[in-house]
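Enquirer:
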Amino acid sequence: MLSPTLQEGLQRYSIGEKLRALRLRKKVGLVDLGRHTGLSPALLSKIERGKLFPTLPTLLRIALVFSVGLEFFFTDERRRRVVAIVRRGERQRFPEKPNTDDVGFHFECLDFHAVERKLNAYYAEFQPLAPAKVRPHQHVGVEFIYVIHGKLGLRIGDEENVMEKEDSIYFDSNLPHGYWRIGNSRCAALVVTVP
């Protein structure tokens, strides 16, 4: 149980209101957000309504889904930075899905510190994975991929594509899609999504 002083202090940040506004602006439902964070829609709803204050690890999981930094929830909108540099050593590496051993790719957010951005940019490294094991996903918007190294398999709907170094592709990310590395060589790509 929080003391009234702590309760009042946390309410001033309006974390729940900021989360709800961000989620609605990005057109993400509570169920989808829950699927991406591993948190229940009921818990997320309580956070949005100010009935529960998230722990920092929980808030970070949410922030990563929306590609914002923790500061998004703690700074005044008028004081947010318009220019943001993410140094190589500042990037954090995450698996495609939390809490699983069978990972098809890892990603690093390249625009982590920027807020109110119009796109999301990632550096992705792909693991060798049988095409049958690829877990398709989909999200609102479009996606652009530029292969930096190696050979990448990409399934969009029922269509399979093979991309090699310096190939690029643009597609509707509302379609189910998934990726896998082909061969033993390192495979990395720049992935940009626009909601």
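Letter by letter, the sequence shown follows residues 31 to 225 in the numbering used here. Backbone N, C-alpha and C fix where the C-beta goes; we use that ideal spot for every residue, glycine too.
Within 10 angstroms of the Cβ of ARG53, are there 16 or more other Cβ atoms? Answer buried if so, exposed if not.
Expert: ARG53 is buried by the Cβ-count criterion.
Enquirer: What did DSSP end up calling SER198 once you bin it into helix, strand or coil?
Expert: In this structure, SER198 counts as strand in the three-state DSSP scheme.
Enquirer: Could you have a look at VAL170 and say whether DSSP puts it in helix, strand or coil?
Expert: In the structure shown, VAL170 sits in coil (DSSP, three-state: anything other than H, G, I, E or B).
Enquirer: Could you pull the DSSP bridge partners for PRO158 from this structure?
Expert: Paired residue(s): ARG211.
Enquirer: Identify, in the order they occur along the chain, each residue of the same chain with its Cβ nearer than 8 angstroms to the Cβ of ASN214, setting aside the five sequence neighbours on each side.
Expert: Around ASN214: PRO158.
Enquirer: How is the beta strand (DSSP E) around LYS181 delimited, first residue to last?
Expert: First-last of the beta strand (DSSP E) with LYS181: 181-186.
Enquirer: Please classify THR88: does DSSP put it in a helix, a strand, or coil?
Expert: Helix at THR88.
Enquirer: Can you tell which of GLU138, ASP197, VAL133 has the C-alpha that lies nearest to the C-alpha of TRP210?
Expert: Checked all of GLU138, ASP197, VAL133; the closest Cα to TRP210 is VAL133.
Enquirer: Inspect the beta-carbon positions of GLN168 and ASN204 and report whether they are closer than 8 angstroms.
Expert: Closer than 8 angstroms, so yes.
Enquirer: On the premise that MET193 lies in contact with VAL177, defined as a C-beta separation below 8 angstroms, what is that separation, rounded to the nearest angstrom?
Expert: With a Cβ gap of about 5 angstroms, VAL177 and MET193 count as contacting.
Enquirer: Give the straight-line distance between the Cα atoms of LYS181 and GLU78, rounded to the nearest whole angstrom.
Expert: LYS181 and GLU78: Cα-Cα distance of roughly 42 angstroms.
Enquirer: State yes or no: is the C-beta of GLY183 within less than 8 angstroms of the C-beta of PRO166?
Expert: No.
Enquirer: Sorted by chain position, which residues of the same chain lie with C-beta nearer than 7 angstroms to GLU138's C-beta, five sequence neighbours on each side aside?
Expert: Once the five neighbours on either side are set aside, the close Cβ partners of GLU138 are ARG121, GLN122, ARG123, TYR152, TYR153.
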